[in-house]
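Undergrad: One structure, pasted below without further comment.
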Amino acid sequence: MDKVTSAVRLPKDRSIRKGKWIGARVQRVEDPRFLTGSAKYVADLTLPRMVHAVFVRSPHAHAYIVSIDKSVLPGLGKTAFAFTGEDMREVPALIDVVTLETLLKTPQHSLALGKVRFAGEAVAIVAHADRYIAEDLAELLGQAIEYDILDPVPDVAAASKTDAALLHPDIGTNEVYRETETHGDIDGAFKAADQSFSLRFHHNRYEAAPMETRGVLANYERPDSQLTVWSSTQMPHFLGSIISGKLGLPAQRVRVIAPEVGGGFGQKMCTSPEEIVVPWVALQLGRPVRWIEDRREHLLSATHAKEQYVNLDVAVKNDGKILGIKGEFIGDGGGYSFNTESALIEPALAAKAFPGPYRLECYEETVAASLTNKSPAAAYRGVGWTASNAAREIVIDEIARGLDIDPADMRRMNMLDADELPYKSITGQIYDSGSYKESLDKALDAIDYPAFRAEQQRLRGEGRYTGVGISCYVEQTAWGSDSSAQAGTPLPSHDNSTVTMDPGGKVTIGTSVSGHGQGHETSLAQVAADGLGIDIADVRVLHGDTLTSPYGLGTYASRSAVIGGATVARAAADVREQVLRVAGKLFEASPEDLLIEDGIISVAGAPSLSKTMEEVAFAAYWDGGLRDEEPGENHQPLLSSTRFYDPPATYSNGCVVVLTEVDTDTGVVKLDRVVVVEDCGTVINPMIVDGQVHGAIMQGIGGALLEHLIYDADGQPLTTTYMDYLVPTAMGMPNMEVHHLETPSPFSIGGIKGMGEGGQVAAPAAVANAVADALAPFGARITHFPLSPDNVLRMIGKIA
Amino acid sequence: MKPAPFAYHVPNTIDEALAILGNDPDGSRLLAGGQSLVPMLNLRLANFDNLIDINHISGLDHIRIESDSLVIGALTRQYDVAHNDDVRNRLPVLSNALAHIAHTAISNRGTIVGSLCHADPAAELPAVLTAVGGELVVQSAAGTRTIRANDFFNSSFTTAINPNEVATEVRFDLAGGTSGWSFEEVARRHGDFALVGVVIQMTLEKNAISDVRIVVFGVAATPQRITDAEKRLIGQTLNDATLDQAVADVAAALSPPDDIHATAQYRRHVAGVLVRRGLLRALEDANSSA
Chain C
1 MDKVTSAVRL PKDRSIRKGK WIGARVQRVE DPRFLTGSAK YVADLTLPRM VHAVFVRSPH
61 AHAYIVSIDK SVLPGLGKTA FAFTGEDMRE VPALIDVVTL ETLLKTPQHS LALGKVRFAG
121 EAVAIVAHAD RYIAEDLAEL LGQAIEYDIL DPVPDVAAAS KTDAALLHPD IGTNEVYRET
181 ETHGDIDGAF KAADQSFSLR FHHNRYEAAP METRGVLANY ERPDSQLTVW SSTQMPHFLG
241 SIISGKLGLP AQRVRVIAPE VGGGFGQKMC TSPEEIVVPW VALQLGRPVR WIEDRREHLL
301 SATHAKEQYV NLDVAVKNDG KILGIKGEFI GDGGGYSFNT ESALIEPALA AKAFPGPYRL
361 ECYEETVAAS LTNKSPAAAY RGVGWTASNA AREIVIDEIA RGLDIDPADM RRMNMLDADE
421 LPYKSITGQI YDSGSYKESL DKALDAIDYP AFRAEQQRLR GEGRYTGVGI SCYVEQTAWG
481 SDSSAQAGTP LPSHDNSTVT MDPGGKVTIG TSVSGHGQGH ETSLAQVAAD GLGIDIADVR
541 VLHGDTLTSP YGLGTYASRS AVIGGATVAR AAADVREQVL RVAGKLFEAS PEDLLIEDGI
601 ISVAGAPSLS KTMEEVAFAA YWDGGLRDEE PGENHQPLLS STRFYDPPAT YSNGCVVVLT
661 EVDTDTGVVK LDRVVVVEDC GTVINPMIVD GQVHGAIMQG IGGALLEHLI YDADGQPLTT
721 TYMDYLVPTA MGMPNMEVHH LETPSPFSIG GIKGMGEGGQ VAAPAAVANA VADALAPFGA
781 RITHFPLSPD NVLRMIGKIA
Chain H
801 MKPAPFAYHV PNTIDEALAI LGNDPDGSRL LAGGQSLVPM LNLRLANFDN LIDINHISGL
861 DHIRIESDSL VIGALTRQYD VAHNDDVRNR LPVLSNALAH IAHTAISNRG TIVGSLCHAD
921 PAAELPAVLT AVGGELVVQS AAGTRTIRAN DFFNSSFTTA INPNEVATEV RFDLAGGTSG
981 WSFEEVARRH GDFALVGVVI QMTLEKNAIS DVRIVVFGVA ATPQRITDAE KRLIGQTLND
1041 ATLDQAVADV AAALSPPDDI HATAQYRRHV AGVLVRRGLL RALEDANSSA
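Sequence lines, in order, name chains C and H.
Okay, so the first sequence: first residue is 1 according to the working numbering, each after it adds one.
Okay, so the second sequence: first residue is 801 according to the working numbering, each after it adds one.
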């Protein structure tokens, strides 16, 4: 809404030392262990006396648990162990911490207590030293549970019927939230409009489908009262805090380790109920307990994401100028308003981010969420924004077609110029900087847009239907206190890194951002290497272990380059100062006159006076004569520093363009080309940025064309294997090219912005718009994803 | 995802395998490539007391041309068949179909005969065998018999093989004369089972169709021959009228199922589309072979 000048609190020094490493296409140092299969995941870890845990899950969507007869298990209490919700009654339930007055809360017991609310909900856990036998026992116990079946609530429409069964009778409704907020004169906008356009859009339910499913190993060592939990998590410290609270253990007695994590994508944020149950069982048994989720179990019970009903009404002038938009965003929260960020995780974030790169001056946002008998909705890459961006970009194309305006021109007319930034959007998001029009132009140049349009016309004459789809995006990143507040779900944030140089002159970093495939061990080493003037081979990055990393919230929401990069840069700057202080004494020179290059410290103008980093570090540790006589705060002989950073929000941006050809006889959509222009400010490692784009785009394509978690009218899940839940494979990867623009953030340290999610935010609309453009001669409209061949033939009336 | 308990047998000869099978025909299952069976066991969708692994039996891994047949052994992997020059030259429709089946890791283990015996209604190989013709050679303690392709597929996942029999090889007929083929399918992703697929084999005499087999799969419990269309096309050439009639015959012959990947209407409509395309491609192929 407004040009922002001084709304953001900025740290004093936002500079970052940039040398030969930041910005270089450095090969990832972690890849050898991934590529040789020697990386260790939870399933690779075994401990003496370990038992294998298997969850018994509800076969019913909605039912009371009448009885569970554990006595059917041979060897119960000796070789076979089983626990139910009743056994865990005293363990506090999981609950979201969103502080909105009218949001209803639905605490979730880690094992269902009295009632099940989705097929796949954990009802009991069994454990045995042999995984095969544990599964036999789980089957046996499953048959010994009596349920009283209730009417199912399969979707949002069913949830809001007056006679609908209530998932949580104590709150008296299935709708946990509904609020409308108005910005600007929305009624005036519709009065002043020449026309209005509407879109009723159902965004599909899909999930992260990480290559590594969830998994937990817990070991309680009674003599030391020490609990160690290995979990495939994105947030080891936070998980440690939750486990400590729920199990009543002192925090210093809970250590959480995220070993290698084979993809998280937001699904492994916050707390899975299983991450409470498994440690609790370890406490009961005094034996290590390991649970490895299998794929069927994952599709049944890991959190889902992305499903929303988005209803838009747009007031426009005939020249394409958007005057105002009314948007209704309805989430399907599943069985519980989940602890990540409640059932509002999708619709609230969607509503706030909805304006995107456009100048929107009047806006009415309605946010609602209902609970249904499905696995709960939680975070997945591009939370809320995927559906929001899809609906907005689809309706822009529909308006352009309706007004006979080129869709690129329609966007340009409503788009913010670079010199309007920083800019506070109508929903209060402060866009720090960006290249909205530039990224659109660059993407269209890459495909030679006018030439494509001419060829499209020619091919239509031959009965071939090609299309171009444009999707522009703004991506909120750097998730700290500021970002989360601007996203609409305020949460405090706290993150740190420690940089330590040892007496050999080598560097170890402990960081609170927790990598799970992103390449932090490379990119953070690059930042430290430039900060200290050394080689990245001399830097080791530790993460994912609460014992070796300072406290912090881990990795999600495109935060780690900004936060990890800044905390490492600032701590490395301290260590540099410490090194130069020592070197200055060695050289009898002022630290300001010293240089560090490739690990050699020398006096400016006198290159013959030089020492290696190892010599200086050795002296710092062992030469007592160099120590300050009166050590002050930063005058320790130690070469180490821990620094904190809670960043201002930064906003990346970009544009995805997809070229498609649609077979109008079979409904098959072929993606000919995907062009991505991204702008994440200062790039630490372009190869890692490319990799993030490739993965996110493929997940977005999966959502647009393939992935869909389907339940039948009884609330039974129908997509429980990879034969039915279709993820894109390498075979389906289209030609993809990534172009970079670099507009550093004026707010963040080093100008870094995050960038993990834009591809998945923008790709679905680019695919959808390409398909709708190809099928424009048929008057096709996009109403729901995925764009399966069946859906496509319906869109063009070939089947009814 | 671990299977329920079963006894695992590893016979070294076909006679040993038949003896084990004979002890408990209904409670036993043969394991060749295991690419469908093992997932079903792990998902506990199938339970067998005895699993008889035939992978150590010699003499079951071969690809041979014998007069008018292409013969493939029960342990011959799909990958090897897909990359075999004799197959590519003499039965290209099979090579082509294999390119649509699964991914390399699966075809490295999966067998042709295993897929035929599994008889998934949406699988490609049963449709190819139905279209080109041929027979399964099966053996039991009582001896050896053959089952013609048209008599082989009884229903979904059900064949004419008796529980005490082992299929040892498949013999695909090799067409002579001026013949052509086509293979068309729509799947959600490369390598998936077909939403609907069509295999056509066509023979020409004096530029008219003298023989044609049209097989649609993914639309019923077994591969479906569209015999009305086949009969009507004999003696004809392809033109708008004969193609339209064939498509109408397809629609009339099929009552396909709905599932989460496509509706019945979709399958019926696209079966017609693919038959039209397939007939034209088979004709083109036949003409180019003339």
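Cβ coordinates follow ideal geometry from the N, Cα and C atoms, glycine included.
Along chain C, which residues have their Cβ under 8 Å away from the Cβ of H:Ile-906?
TA: Against chain C, the beta carbon of H:Ile-906 has no neighbour under 8 Å; the closest one sits roughly 12 Å away.
Undergrad: Leaving out five residues before and five after C:Tyr-336 in sequence, what residues of the same chain have Cβ atoms less than 6 Å from its Cβ?
TA: Thr-106, Gln-108, Pro-376
Undergrad: When DSSP labels each residue in this structure, what does C:Thr-46 get in the three-state scheme?
TA: Here C:Thr-46 carries a coil assignment [DSSP, helix/strand/coil].
Undergrad: Thinking C-beta only, is C:Ser-481 closer than 9 Å to C:Asp-646?
TA: yes
Undergrad: Alpha carbons only, please: which of C:Pro-74, C:Thr-729, C:Ala-780 is nearest the one belonging to C:Met-211?
TA: Here the closest residue by C-alpha is C:Thr-729.
Undergrad: Just verifying my parser: in three-state terms, what is the DSSP assignment at H:Thr-1027?
TA: helix
Undergrad: Counting only Cβ-Cβ distances shorter than 8 Å, please list the residues of the segment 988–1000 of chain H near chain C, keeping chain order.
TA: Arg-988, Arg-989, His-990, Gly-991, Asp-992, Phe-993, Leu-995
Undergrad: May I have a chain-ordered list of the beta strand (DSSP E) segments no shorter than 3 residues that lie completely inside the segment 99–178 of chain C?
TA: Fully enclosed beta strand (DSSP E) runs of 3 or longer: 122–128, 145–149.
Undergrad: Mind listing, in chain order, the continuous alpha helix (DSSP H) runs of no fewer than 4 residues lying wholly within the segment 291–365 of chain C?
TA: If we require 4 residues or more, the alpha helix (DSSP H) runs fully inside the segment 291–365 of chain C come out as 295–301, 345–353.
Undergrad: At 8 Å on the CB atoms, spell out the chain C contacts of H:Leu-843, in chain order.
TA: Arg-296, Thr-721
Undergrad: Please report the straight-line C-alpha distance between C:Val-56 and C:Val-72, rounded to a whole angstrom.
TA: Spanning the two alpha carbons is a distance of roughly 14 Å.
Undergrad: Would you say the segment 248–258 of chain C touches the segment 494–513 of chain C, given that touching needs at least three Cβ pairs under 8 Å?
TA: no
Undergrad: Looking at the secondary structure, which residues open and close the beta strand (DSSP E) in which C:His-202 lies?
TA: 195–203
Undergrad: When burial is assigned at 16 or more other CB atoms within 10 Å of the CB, is C:Pro-648 buried or exposed?
TA: Classified as buried, C:Pro-648 has 16 or more neighbouring CB atoms from the shown chains inside 10 Å of its CB.
Undergrad: Can you look up C:Leu-626 in the DSSP assignment and give me helix, strand or coil?
TA: helix
Undergrad: Can you pull out the residues from the segment 658–674 of chain C whose beta carbon lies closer than 7 Å to at least one beta carbon of chain H?
TA: For the segment 658–674 of chain C, the residues whose beta carbon sits under 7 Å from a beta carbon of chain H are, in order, Asp-665, Thr-666, Val-668.
Undergrad: According to DSSP, is H:Gln-1001 helix, strand or coil?
TA: strand
Undergrad: Since C:Leu-726 meets chain H, which of its residues come closer than 7 Å, beta carbon to beta carbon?
TA: Going along chain H in sequence order, the residues near C:Leu-726 (Cβ under 7 Å) are Arg-988, Arg-989.
Undergrad: Could you tell me whether the Cβ atoms of C:Ala-391 and C:Glu-346 are closer together than 9 Å?
TA: Between C:Ala-391 and C:Glu-346, the C-beta gap is not smaller than 9 Å, which leaves the two residues out of contact.
Undergrad: Please report the straight-line C-alpha distance between C:Trp-385 and C:Leu-150, rounded to a whole angstrom.
TA: So the alpha carbons of these two residues sit roughly 34 Å apart.
Undergrad: Just the Cα atoms here: how many angstroms apart are H:Ser-858 and H:Pro-811?
TA: Taking the straight line from one Cα to the other gives about 10 Å.
Undergrad: If we cut at 9 Å on Cβ distances, does C:Leu-793 have a partner in chain H?
TA: Using a Cβ-Cβ cut-off of 9 Å, C:Leu-793 counts as an interface residue toward chain H, since at least one Cβ of chain H sits closer than that to its own.
Undergrad: Using a Cβ-Cβ distance under 9 Å, would C:Lys-798 count as near chain H?
TA: yes
Undergrad: May I ask which residues mark the beginning and end of the beta strand (DSSP E) holding H:Phe-953?
TA: Residue range 953–955 is occupied by the beta strand (DSSP E) that includes H:Phe-953.
Undergrad: I'd like to know whether the C-beta of C:Glu-135 is nearer than 9 Å to at least one C-beta of chain H.
TA: yes
Undergrad: Three-state secondary structure (DSSP) at C:Glu-577?
TA: helix
Undergrad: Who are the near neighbours of H:Phe-993 in its chain, counting only those whose CB is closer than 6 Å to its CB and skipping five residues on each side?
TA: Ala-922
Undergrad: What are the boundary residues of the alpha helix (DSSP H) that includes C:Pro-607?
TA: From DSSP, C:Pro-607 is part of no alpha helix (DSSP H) but of the beta strand (DSSP E) over 606–612.
Undergrad: Give the list of continuous alpha helix (DSSP H) stretches no shorter than 4 residues that lie fully inside the segment 444–484 of chain C.
TA: Those alpha helix (DSSP H) runs which fall completely within the segment 444–484 of chain C and span 4+ residues are 449–461.
Undergrad: Under 7 Å between beta-carbons, which chain H residues line up against C:Arg-464? List them in chain order, please.
TA: The premise fails here: C:Arg-464 is roughly 15 Å from chain H at the closest Cβ pair, so nothing lies under 7 Å.
Undergrad: Would DSSP call C:Asp-712 helix, strand or coil?
TA: coil
Undergrad: Say whether the segment 36–56 of chain C touches the segment 539–546 of chain C, bearing in mind that this needs 3 or more beta-carbon pairs closer than 8 Å, one atom from each stretch.
TA: no
Undergrad: Where does C:Glu-661 fall in DSSP's three states?
TA: Strand, per DSSP.
Undergrad: Pull out every residue of the segment 1065–1080 of chain H whose Cβ sits closer than 7 Å to any Cβ of chain C, in chain order.
TA: Gln-1065, Tyr-1066, His-1069, Val-1070, Val-1073
Undergrad: Is it a yes or a no for the segment 787–797 of chain C touching the segment 122–136 of chain C, going by three-plus beta-carbon pairs under 8 Å?
TA: no
Undergrad: Using a beta-carbon distance cut-off of less than 9 Å, what residues from the segment 1038–1065 of chain H approach chain C?
TA: Going along the segment 1038–1065 of chain H in chain order, one finds Asp-1059, Ile-1060, His-1061, Ala-1062, Thr-1063, Gln-1065 with a Cβ nearer than 9 Å to chain C.
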